[in-house]
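Take 9 as the starting number for the sequence shown in my numbering and just add one per residue.
For glycine and all other residues, C-beta sits at the position ideal for the given N, C-alpha and C.
These notes concern the structure reproduced below.
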Amino acid sequence: MSMYVVGHKIPDSDSICGAIALAYLKNQIDEPAIAARLGELSPETAFILERFGFEAPLFKESYAGEEVYIVDHSELTQAPDDIAKATIVGIVDHHKLGDLTTSTPLECWIRPVGCSNTIIKMMYDFYKVDIPANIAGIMMCAILSDTVIFKSPTCTTADIRCVEALAEIAGIEDFKALGMEMFKVKSAVEGTPARVLVMRDFKDFNMNGNLIGIGQLEVIDLAVFDSIKADLEADIKALKAEGKRHSVLLLLTDIMKEGSEMLVISDDSELTQKAFGKATVDGKVWLDGVLSRKKQVVPQLQKAFA
Ligand SMILES: [Mn+2]
């Protein structure tokens, strides 16, 4: 029986490239594996797969009765809906430990680094398996994406060394230029419906019983949002009204200015004051230096809900 290797809902490049890279490694060590995904590819991920000649992993939402290797998350809200009916055989992740539990022993590769693919590279080294050039390419791009080309406070020396090694294997001389190309693809938001943008990189978190949805759009210039910001604000308001969320937050991240404007709809009008020491004015707040949802937004919100 093959295991399925799958990243989180609304997959990002780390989840997709990680599933492909880890499934390949598992097959090389005689543990049959199939890369899968829980959603559509983002334009950035489509660009990466096209650049290195990969098809999208298998789209599969149901895993009841299957063996599953979890990539890039450990939160129930981000996992397959029927994960409780599956056997989790392993987790590779670089987020805070979530609430997924298992009934059987599993392998865990969890490290506080900038990207799951950095850990997957450690797994290749551990098993002494050579990384093919095209797989090295997608792993490298996933790390450049997650670490915002090394600018994110989540980036570690291990991530940088890893990108350098993978770039050599992939035969990419100027990996920073390729990283900028990726972020240019990410910045092309005009003409895309507001809901698609809000949900493009969206994660739900359970914070002390409150459901908090946090989206993020990383661009090279916030001016791309000038003509559509009102639509985005209206859409997160609609999204909150449709569901059971306490708050819907959308981070508009400027990777060059290195900060984020957060659009806020919340049951608690003091939320950003409590979490970040800055009041929300007219549904918005500028958070200087904030690039990382996992390190600079989620923990601060968790504390506000504690
Ligand atoms: Mn990741």
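Asked, Found
"Status (buried if at least 16 other CB within 10 Å, exposed otherwise) for residue 101", "buried"
"Buried versus exposed, by CB contacts within 10 Å (16 or more), residue 183", "buried"
"Residue 264 classed as buried or exposed, judged by whether at least 16 other C-beta atoms fall within 10 angstroms", "exposed"
"In chain order, each alpha helix (DSSP H) run of at least 4 residues that lies wholly inside the segment 224 to 281", "237 to 250"
"Residue 72 and residue 44 closer than 8 Å at C-beta", "no"
"Which of helix, strand or coil DSSP assigns to residue 221", "strand"
"Residue 313 (DSSP reduced to helix, strand or coil)", "helix"
"Among 21, 69, 37 and 31, the one whose alpha carbon lies nearest that of residue 49", "21"
"Residue interval of the beta strand (DSSP E) (run including residue 99)", "95 to 101"
"Option in 190, 165, 213 and 130 with minimal Cα separation from residue 86", "213"
"Beta carbon of residue 147 nearer than 8 Å to that of residue 175", "no"
"CA-to-CA distance, residue 165 to residue 70, given in whole angstroms", "37 Å"
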